[in-house]
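In what follows, a structure is listed as structure tokens, so that the remarks can point back to it.
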Amino acid sequence: MSRPFRFLLTMCMLAVSFFAPNALAQGPKIAVVDIDYAILQSDEGKALQSKLNAFKEQANSEGQKIAEEAREAQQQLQDQGASLSQDKKTELLKKLEDSRIALKRLETDKSREGKEMQDLGLASIEKKLAPVLEKLQKEGDYDMILNRVDGLVLVNHKRVDLTTKLIEELNKMK
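If you count by full-length UniProt numbering, then the sequence shown holds residues 1 to 174, one letter each, in order.
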């Protein structure tokens, strides 16, 4: 082997041995998002929260009306119990029991309706998450995107937190 060829071969081997470990040492590129926060802070998440709050206020108003009717019947029984006829006492007791049953039914029904409303709203937002996360993954060339959950991700730097970008992208998908 000629001397210039050996020198060139040695230089190539040195270059490969110098650059190859650095290329491999980069390791996986990982990002973090807080899915729950992103959902709550997205425009659609805020609209869902407003809708749920209005629903809750309306349910509370209905419940207060029924509870007031029950209180009135209870008060009338306490105030006039001794002077009321048996039929009137029975009528007030039935009204009181009907109010209690109506309150329980209202609570059960509104709880179920609210849960369904929340589940449907979240499902709508969650459908949009996968494509947005895939877009962010491709744009940032991330090997992995983790959901920031207590106990799973203990500490992360803001440069690997994609939550703000996720919210922005979700808001673009209206």
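From the three backbone atoms N, C-alpha and C, an ideal C-beta is built for every residue, glycine too.
Residue environment, residue i, which counts as buried when at least 16 other CB atoms sit within 10 Å
i, result
"residue 34", "buried"
"residue 169", "buried"
"residue 120", "exposed"
"residue 132", "buried"
"residue 166", "buried"
Bridge partners - residue i, DSSP secondary structure assignment
i, result
"residue 119", "DSSP, once it has assigned bridges, lists no residue as partnering residue 119."
"residue 30", "144"
N-terminal and C-terminal residue of the alpha helix (DSSP H) that residue i is part of
i, result
"residue 38", "35-41"
"residue 166", "163-172"
Reduced DSSP secondary structure (H/G/I, E/B, other) of residue i
i, result
"residue 132", "helix"
"residue 81", "coil"
Residue i: first and last residue of the uninterrupted beta strand (DSSP E) it sits in
i, result
"residue 146", "144-147"
Residue i versus residue j: straight-line alpha-carbon distance, rounded
i, j, result
"residue 70", "residue 77", "11 Å"
"residue 95", "residue 109", "20 Å"
Residue-level contact to chain D via CB, residue i, 8 Å cutoff
i, result
"residue 150", "The structure shown contains no chain D; it holds only a single protein chain."
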